[in-house]
RNA sequence: CGGGGUGUAGCGCAGUCUGGUAGCGCGCUUCGUUCGGGACGAAGAGGCCGGAGGUUCAAGUCCUCUCACCCCGACCA
């Protein structure tokens, strides 16, 4: 690496250094801090990433029979108070509107921290007969939760997400829906974001306020901390009871509906950045990258034929744009080294260099962002005629490569522990996932959290049955729980 | 909300102890030379020193109060 190249890398803290994440978000222009505490501005490049994620997820929602709708951002206090556990869980985080139109409001309005209350109220009006069920609705929205400590994308006061809310005639149907959407999340996050996750059920202490059961997909970030990346809740009849979502069944009996809710937020953008990024900056999974291929024209020195380079770049852009998201860096002032670093920082999966020498031999130089050798990656000459095919295969290869790399990293950071002492040592050191026996008692869970900072991320669904004893009190356990410090 | 830290040009910082004309690097503008991994020269533009009050002939610097952000904890998608 040249001295200059090194200077560039030094501008960005190393992958495992303090400040890497925040500096990267700023430099790659994903987001910026706003004048509002804890709220960030998602900049066009970051928003394009979110739009790609939305499109891929929304397609899955539609394919599983859901439709989109939109509900108000304000929730009257009386509605929020209907479900006891729900209020208790969310009230410390709620922002209230108490005054509007120059007058104090008779009833204050919550800015939604989640929409079960307002949606449940509407479902109550819409459901009369068993024929009205199921209701399968999703909304893309913003919500506000007054967090004490914020971090771009991972935890912000206002964030964007989607929340699905469904109502069903029977418990098993709602339970199936809960699991179906959990699987949709797993598939989305693993396939599109290349983030390996573990599906599981939350413990009583960690479940959604008001739910009978909460299911989650948990990812492990490079720092050895877990990130809850999506949740699906089986709400039982709790909300149906609170909001009177009832219907007359086939047999003439009046019954309460069974409901579910599930959400995934812009937090996954943070997960994608953390998981795949490196010393050079962002590394975006090709399937969601706003720009998949960056064409970097090399204009050549004085007397070089810039027109020929321009024509070739235009031609390649036109051809490739049928199958990929291509952008040409048309700037003529910046030098090629600058451009390389810029597009590296932005995580674009493939860069194509196109200079006078390449024009002569009708080829382009292809460089992969996922090449671990950031400063001087492998450069491959590809003839124009086979470029589209090569790029298609390379993008797929990069996508699966990112997933495999992340999976291997997670496996390397997943440990089995049979004693609390050993558990504590791991949490004081490398952290990561720990699979340990737990008797199911909340006090034992709390004890582990107090001693190590780790919480039960989930009780993995595919965890094999295994007789063991709780690492805290020694009582019997029949499967290992998954522990980690959380983001 | 506790504990620690930082606010000075777009960004990164020095100057504050010991009060006396606002500095440096990068970036930006213009011109010229360069151009296959962050080029070079010349000339420029850009500041209510986070905010409010106070002390003083004089405040970036001292005092009081505030606000914001960052890091570490407790709370959380």
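Numbering (the working numbering), first residue to last: 37 to 523.
From the three backbone atoms N, C-alpha and C, an ideal C-beta is built for every residue, glycine too.
- Under the three-pair Cβ rule at 8 angstroms, the segment 358-365 does not count as touching the segment 127-139.
- For residue 179, the three-state secondary structure derived from DSSP is strand.
- Collapsing the DSSP output to three states places residue 244 in coil.
- In the three-state DSSP reduction, residue 480 falls in the helix class (H, G or I).
- Listed as beta-bridge partners of residue 69 by DSSP are 76.
- Counting along the chain, the unbroken alpha helix (DSSP H) around residue 425 starts and ends at 423-448.
- Here the segment 301-311 lies against the segment 256-264, with 3 or more beta-carbon pairs under 8 angstroms apart.
- Under the 8 angstroms Cβ criterion, the segment 283-298 does not count as touching the segment 383-393, having fewer than three qualifying pairs.
- Where residue 266 is concerned, the enclosing beta strand (DSSP E) starts and stops at 262-270.
- Around the beta-carbon of residue 52, fewer than 16 other beta-carbon atoms lie within 10 Å, marking it exposed.
- Taking a C-beta distance under 8 angstroms as the contact criterion, residue 178 and residue 195 qualify as a contact pair.
- For residue 279, the enclosing alpha helix (DSSP H) begins and ends at 274-279.
- With respect to the C-alpha of residue 279, the residue from 400, 429, 118 and 316 having the closest C-alpha is 118.
- Distances from the alpha-carbon of residue 277 to those of 293, 269 and 285 put 293 closest.
- Across the structure, residue 180 and residue 85 are spaced so that their CA atoms are roughly 21 angstroms apart.
- Going by C-alpha positions, residue 168 is about 16 angstroms away from residue 296.
- Judged by beta-carbon spacing, residue 275 lies beyond the 8 angstroms limit of residue 96, meaning their Cβ atoms are not closer than that value.
- Ranked by Cα distance from residue 516, the first of 330, 453 and 462 is 453.
- Taking residue 510 as reference, the option from 466, 456 and 485 with the minimal CA-CA separation is 456.
- Per the Cβ contact rule, the segment 196-213 is not in contact with the segment 64-72 (fewer than 3 Cβ pairs under 8 angstroms).
- For the pair residue 498 and residue 437, the Cα-to-Cα distance works out to about 24 angstroms.
- Per DSSP, the continuous alpha helix (DSSP H) segment holding residue 343 begins and ends at 342-356.
- In this structure residue 218 touches residue 253 by the C-beta definition: roughly 7 angstroms separates them, less than 8 angstroms.
- DSSP links residue 56 through a beta bridge to no other residue.
- The three-state secondary structure of residue 167, taken from DSSP, is helix.
- Apart from the 5 residues on each side of it in sequence, residue 450 sits with its Cβ closer than 8 angstroms to the Cβ of 256, 468, 469, 470 and 471 in its chain, given in chain order.
- In this structure, the beta-carbon distance from residue 76 to residue 192 falls below 8 angstroms.
- Counting the other Cβ atoms within 10 Å of the Cβ of residue 464 gives fewer than 16, which makes it exposed.
- Counting every other CB atom within 10 Å of its CB across the protein chains shown gives residue 91 a total below 16, marking it as exposed.
- Nearest to residue 518 by alpha-carbon distance, out of 337, 138, 492 and 241, is 492.
- When the five nearest sequence neighbours on each side are left out, the beta carbons in the same chain lying within less than 8 angstroms of the beta carbon of residue 390 are those of 331, 332, 333, 334, 345, 348, 349, 352, 400 and 401, in order along the chain.
- DSSP lists no beta-bridge partner residue for residue 376.
- Its chain contains 249, 251, 268, 269, 270, 296 and 298 as the residues whose beta carbon lies nearer than 8 angstroms to that of residue 214, once the 5 sequence neighbours on both sides are disregarded; these appear in chain order.
- The shortest CA-to-CA distance from residue 102 to any of 57, 174, 397 and 326 is the one to 174.
- DSSP, read as helix, strand or coil, puts residue 108 in coil.
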